[in-house]
Every structure is written in structure tokens, then in C-alpha cells.
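Trainee: Numbering (the working numbering), first residue to last: 128 to 376.
Below are the C-alpha cells for one structure; questions will follow.
Written out as C-alpha cells, the structure is:
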């Protein structure tokens with residue numbers, strides 16, 4: 128009977144904890160990604176559906192994917208969940224999760240991005256310890272906190288400001304990459320067990336030392352909204368001979 132009573136107390140505690148967790152989860156809000164600027168061509172897909180043309184001002188939620196064309200560029204504004212991410216040319220990025228919670232003392236966010244191809248640059252504001260901002264590539268998972276970064280789908284990471292913790296390999300090993308450093312995974316032809324390299328970023332990497340203001344200081348640039356295209360009013364021409372509109376006699 129004593130063990131049953133203990134088990135009952137354990138169940139009661141579990142139910143109470145679950146109720147508290149559900150109550151807290153109910154307070155979490157879902158963020159959004161707003162298309163701030165497009166240079167060239169870009170498209171989007173929702174939940175793996177068909178790809179559609181993307182325009183400035185479009186609001187996207189989690190489970191969306193975006194991609195850029197050749198010689199194209201796209202800026203996303205994530206608000207509390209970022210705030211900004213830039214897709215360079217020929218990039219495909221999945222927006223897997225955008226959550227934020229203001230119920231506690233600090234703003235807590237969860238931002239999960241899936242970089243499938245190409246390269247992204249981003250600025251992440253300093254975050255609460257409980258927050259998570261992660262960019263997944265086919266080779267790595269990058270945990271970012273208060274950082275300016277550039278990540279490519281081949282796993283190469285450049286950190287301009289702040290630091291990033293990179294998980295690489297199976298089982299995963301973690302590597303800390305600080306400002307002015309670059310993380311380079313081993314080449315596909317490298318011998319098994321070859322570790323990645325964390326080194327100083329060099330001019331040969333062709334990476335900016337700082338992100339442009341529209342990314343690193345998004346508050347100084349308002350989101351761009353495309354003006355609606357309207358047809359011009361027809362112009363009436365008057366015949367100098369008859370004084371009547373052209374085409375009339």
C-alpha cells in the first residue's frame with residue numbers, strides 16, 4: 128500500500144507538471160517572416176506544396192520554404208525571432224519554427240531554420256539563456272546567440288560578431304566559433320575521421336567583416352512595400368485640323 132501511495136503521489140505530481148507545461152505552452156506565440164526586399168527572383172512554398180512567385184510584403188509562417196534564383200537576393204524580417212536573414216543567390220531555406228514567449232521576465236524565442244542549398248547571412252539580437260536559434264545544414268547544426276553570421280549549405284560558417292556553437296559528426300562533436308573565425312568541415316574526399324577546422328577568417332574567404340546596415344540594424348530601414356501597379360490614364364489627342372478628338376471626323 129505504501130508503494131501504491133507513492134505511485135499515486137508521483138502520478139499527481141506528473142499531472143500537475145503537465146498542466147503547468149500546457150499552460151505555459153499556451154502562452155507561446157507563433158512568429159512570422161515578412162519579405163522585406165527582393166533583388167532578382169524568389170519563390171515560396173508552404174508545407175511542401177507548389178512553388179509560387181514571391182513579392183515584397185508577403186507574410187510567411189512556419190512550415191514555409193523560400194528560394195532565390197540566379198543572381199538574386201531576398202531579405203526576411205523575423206521580428207523577435209531574429210530579426211533578419213538574407214538569402215543569397217540560388218538558396219533554399221526552410222522556416223521550420225518561429226515561436227516566442229513573453230510570459231516570463233525575459234523574451235524566450237525558438238527559431239529553427241533549415242538551409243538546404245546556397246548561403247544565408249543573418250543578424251541575431253542577444254537572447255535569453257533559454258532561447259534557441261538554430262540553423263541546420265545537411266552537415267551541421269549551428270546554435271546562434273547574439274551573432275552576425277554567414278552559413279552555407281556545405282557547412283562552412285563565418286562569424287562576424289558574437290559566437291556560434293557548431294554540432295558536427297555522428298555522434299556529434301561541438302565546436303565554438305568566435306568573431307573573426309571560420310568553421311570548415313572536412314572535404315568529401317577526406318579520410319574518415321578527419322576533423323573539421325576552426326581558423327581565422329581570411330580575405331580569400333570573400334566574406335564581409337560586418338553585415339550591411341539593412342541586416343545588422345534593421346530598425347533604421349522600414350520594410351519595403353511595393354506600390355500597386357496602375358494602368359496609365361488614356362491621353363486624348365485632338366486633331367489640329369478639325370478640333371475633334373483624333374479618329375473622329
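Using N, Cα and C, we set each Cβ at its ideal position, and we do this for glycine too.
Being a predicted model, the structure only gives us computed values, none of them experimental.
#1: Could you give the C-beta distance for residue 306 and residue 228, rounded to a whole number, given that I count them as a contact under 8 Å?
#2: Would you identify the three-state DSSP class for residue 331, choosing helix, strand or coil?
#3: Measure the C-alpha to C-alpha separation of residue 277 and residue 203 and round it to an integer number of angstroms.
#4: Buried or exposed: which applies to residue 210, given that a residue is buried once 16 or more other Cβ atoms fall within 10 Å of its Cβ?
#5: Please go through the stretch 216-275 and give each complete beta strand (DSSP E) segment of 3 or more residues, from N-terminal end onward.
#6: Name the two residues that bound the continuous beta strand (DSSP E) containing residue 74.
#7: Under 7 Å Cβ to Cβ from residue 157, same chain only, skipping five residues before and after it: list those, please.
#8: Would residue 302 and residue 282 qualify as a contact pair, given that the criterion is a beta-carbon distance under 9 Å?
#9: What are the boundary residues of the beta strand (DSSP E) that includes residue 79?
#10: Whole angstroms is fine: what's the gap from residue 207's alpha carbon to residue 232's?
#11: Got a sec, what are the start and stop residues for the beta strand (DSSP E) residue 210 sits in?
#12: Which first and last residues belong to the beta strand (DSSP E) in which residue 202 is found?
#13: Assess, as a yes-or-no matter, whether the stretch 164-179 is touched by the stretch 194-202 under the definition of 3 or more beta carbon pairs within less than 8 Å.
#14: When we look at the beta-carbon of residue 299 and count the other beta-carbons within 10 Å, is it buried (16 or more) or exposed?
#15: In the DSSP assignment, find the unbroken beta strand (DSSP E) run with residue 301 in it and report its ends.
#16: How far does the beta strand (DSSP E) with residue 162 in it extend, from its first residue to its last?
#17: Below 8 Å, is the gap between the Cβ of residue 205 and the nearest heavy atom of the ligand ATP?
#18: Do you know whose CA, among 177, 174, 237 and 179, lies nearest residue 262's CA?
#19: Counting C-beta neighbours from all protein chains within 10 Å, is the total for residue 280 16 or more, i.e. buried, or is it exposed?
#20: Between which two residues does the beta strand (DSSP E) carrying residue 309 extend?
#21: Between residue 270 and the rest of its own chain, which residues show a CB-CB distance below 6 Å, the 5 nearest in sequence each way excluded?
#22: Would you decide whether residue 248 is buried or exposed? Buried here means 16 or more other CB atoms lie within 10 Å of its CB.
#23: From the DSSP output, which residues share a beta bridge with residue 277?
#24: Going by the CB atoms, is the gap between residue 284 and residue 245 shorter than 9 Å?
#25: Cβ of residue 273 within 9 Å of Cβ of residue 304?
#26: Tell me the DSSP bridge mates of residue 169?
Mentor: From the atom records:
#1: The count along the chain shown starts at 1 and reaches residue 306 at position 179. The count along the chain shown starts at 1 and reaches residue 228 at position 101. At roughly 29 Å, the Cβ-Cβ gap does not stay under 8 Å, so residue 306 and residue 228 are not in contact.
#2: For this step, residue 331 is matched to residue 204 along the chain shown. Note: residue 331 maps to helix in three-state DSSP.
#3: What you label residue 277 is simply residue 150 of the chain shown in a count that begins at 1. What you label residue 203 is simply residue 76 of the chain shown in a count that begins at 1. For residue 277 and residue 203, the distance between alpha carbons rounds to 15 Å.
#4: Numbered from its first residue, the chain shown carries residue 210 at position 83. With 16 or more other Cβ atoms within 10 Å, it is buried.
#5: 219-228, 235-244, 246-251 and 259-263
#6: An answer regarding residue 74 cannot be provided, because it is not within the stretch 128 to 376 covered by the chain.
#7: Stepping through the chain shown from its first residue, residue 157 is reached at position 30. Closer than 7 Å at Cβ, skipping near neighbours: 188, 189, 225 and 226.
#8: The residue labelled residue 302 in the question sits at position 175 within the chain shown. The residue labelled residue 282 in the question sits at position 155 within the chain shown. In this structure, residue 282 does not lie closer than 9 Å to residue 302 by Cβ.
#9: Coverage of the chain is limited to positions 128 through 376, which leaves residue 79 absent and any answer about it impossible.
#10: Within the chain shown, numbered from 1, the residue matching residue 207 stands at position 80. Within the chain shown, numbered from 1, the residue matching residue 232 stands at position 105. So the alpha carbons of these two residues sit roughly 15 Å apart.
#11: Sequence index remark: in the chain shown, residue 210 carries index 83 (1-based). First-last of the beta strand (DSSP E) with residue 210: 210-214.
#12: Locating residue 202 in the chain shown gives position 75, counting from the first residue. Residues 200-204.
#13: yes
#14: In the chain shown, the residue the question calls residue 299 occupies position 172. By the neighbour-count rule (16 or more Cβ atoms within 10 Å), residue 299 is not buried but exposed.
#15: For the purposes of this step, residue 301 is identified with residue 174 of the chain shown, where counting begins at 1. Element bounds for residue 301: 300-305.
#16: For the purposes of this step, residue 162 is taken as residue 35 along the chain shown, with counting starting at 1. Segment 160-166, the beta strand (DSSP E) holding residue 162.
#17: Inclusion of the ligand ATP in the displayed structure is not the case, the ligand content being empty and no account of it being possible.
#18: Within the chain shown, the letter at position 135 stands for residue 262. When each option's Cα is compared against that of residue 262, the closest is 237.
#19: By one-based count along the chain shown, residue 280 stands at place 153. Burial call: buried.
#20: By one-based count along the chain shown, residue 309 stands at place 182. 308-311 is the span of the beta strand (DSSP E), which, as asked, contains residue 309.
#21: For this step, residue 270 is matched to residue 143 along the chain shown. Correct list, in chain order: 261 and 292.
#22: Numbered from 1 along the chain shown, position 121 holds the residue referred to as residue 248. Buried.
#23: Residue mapping note: residue 277 aligns to position 150 of the chain shown, counting from 1. DSSP lists 248 and 285 as partners of residue 277.
#24: Along the chain shown, one-based indexing puts residue 245 at 118. Along the chain shown, one-based indexing puts residue 284 at 157. Taking 9 Å as the Cβ cut-off, residue 245 and residue 284 do not qualify as a contacting pair.
#25: In the chain shown, residue 273 corresponds to position 146, counting from 1. In the chain shown, residue 304 corresponds to position 177, counting from 1. Taking 9 Å as the Cβ cut-off, residue 273 and residue 304 do not qualify as a contacting pair.
#26: On the chain shown, residue 169 is found 42 positions in, with the first residue counted as 1. 195, per the DSSP bridge assignment.
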